[in-house]
Amino acid sequence: MAAVVQSYAAIGDSFTEGMGDERPDGSPRGWADLVAAALAHAAGGSIGYANLAIRGRLLAPILDDQLPAALALGPQLLSINGGGNDILRPRVSIDAVADRLVAAALDARATGARVMVVSGGNPTRHIPMGPTFARRGDALAVAVRERLDGSGVLFVDNWFDPHLPELGYWSVDKLHLNALGHARAAANVLAALEVPVVAPAAAPDGSAPLADVARPRTAEYWRRYVLPWIGRRLTGRSSGDHRTAKRPTLDPVRADEL
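Per the working numbering, the very first residue in the sequence shown carries number 146; after that it's consecutive.
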């Protein structure tokens, strides 16, 4: 990196909020928290860190609501994640999602912030209608990469990570990364930023042992996770309705706090 990062803001959906990597008190941690901790370690003390991501958000509210709030904080580094929930809806235009995501990233970069677009991991081997969503996710990742090529905006492509599709990186709902999956996503981001990875479990070579997660049988899995998920998508509801950001301001954080 050209300079030590002193402030970092993250926006997005459940992937950036950290769902699937919960602390003992139930609050989400996730890859963005791990990245902030590593940045604080690299800075030799603490940095300002904000995480405005909210689970279930489509790209439009991420860019309409979270992005202006994040830019108003004036972070040196900004990560943008979005579009994952859009491709799970019954109908979606991949080009429209990619166009808006990239345009927002370029506008954010014009403010002087260092900007990176971070894609989520690929859960489609293990969820209903997986092949359909896999085609959409593949197309979106390719479209974003092509549009950002040469732009100065960093693209961290977790979707095509060769290890993250393995079930051992996913939580019991098979839709959100578990702690090991978030550690690997953090390692991908830090490698792109050329920042040393602090946690051994976040090694980017895939050598860490996969988690052995107790998973419900098929009927229970559908009752607990799939049917509510389908119902929300058919009715336009979100698991994040009425939720607020977990870290809305650039509060100081040290490497040993997260």
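Every residue, glycine too, gets a C-beta built ideally from N, C-alpha and C.
Nearest neighbour of residue i, chosen from the options [CA to CA]
i, options, result
"G189", "A330, G171, V180, V149", "V149"
"F160", "G227, G171, I272", "G227"
"L335", "A181, A253, A154", "A181"
"H271", "R254, R234, L320, S238", "L320"
"L293", "T277, V263, R168", "V263"
"L285", "E402, H186, Q211, N303", "N303"
"L251", "P235, I225, L325, W176", "I225"
"F305", "V260, G295, R329", "R329"
"V287", "P341, I239, I156, L216", "I239"
"P397", "L184, R168, P169", "L184"
"V317", "M164, S152, Q151", "M164"
"T269", "R259, V260, R280", "R280"
"P220", "A248, Q151, P235", "Q151"
"V340", "R200, P169, H186", "H186"
"I156", "E291, A249, E311, G295", "A249"
"R94", "P307, Y314, G275, M261", "With the chain represented from 146 up to 403, any question about residue 94 goes unanswered, as that position is not in the structure."
CB of residue i within 8 Å of CB of residue j, strictly
i, j, result
"D166", "H327", "yes"
"G257", "N267", "no"
"R392", "N196", "yes"
"G297", "R254", "yes"
"V237", "D231", "yes"
"L204", "L233", "no"
"N333", "V301", "yes"
"Y208", "A154", "One detail in the question is off: residue 208 reads as Leu in this sequence, not Tyr. Result no, Cβ atoms of L208 and A154 do not sit closer than 8 Å."
"L179", "L395", "no"
"A215", "L223", "yes"
"A390", "A198", "yes"
"G171", "E162", "no"
"G229", "G275", "no"
"A337", "L299", "yes"
"R388", "R200", "yes"
Per DSSP, cross-strand counterpart(s) of residue i
i, result
"E311", "DSSP lists no partner for E311."
"G398", "At residue 398 the sequence reads Val, which differs from the Gly that was named. BP columns for V398 point to I192."
"R392", "N196"
"A155", "N196, S224"
"P138", "The structure shown has nothing for residue 138, since the chain only spans 146 to 403."
"L285", "Bridge partners of L285: none, in fact."
"V260", "L223"
Element boundaries [alpha helix (DSSP H), containing residue i]
i, result
"F160", "159–162"
"V301", "Where V301 is concerned, there is no enclosing alpha helix (DSSP H), although the beta strand (DSSP E) it sits in stretches over 299–302."
"G326", "324–338"
Report task. List in chain order: all unbroken alpha helix (DSSP H) runs of 4+ residues lying wholly within the segment 233–258. Result -> 239–254
**Report entry** Uninterrupted beta strand (DSSP E) stretches inside the segment 199–230 (no shorter than 3 residues)
**Finding:** 222–225
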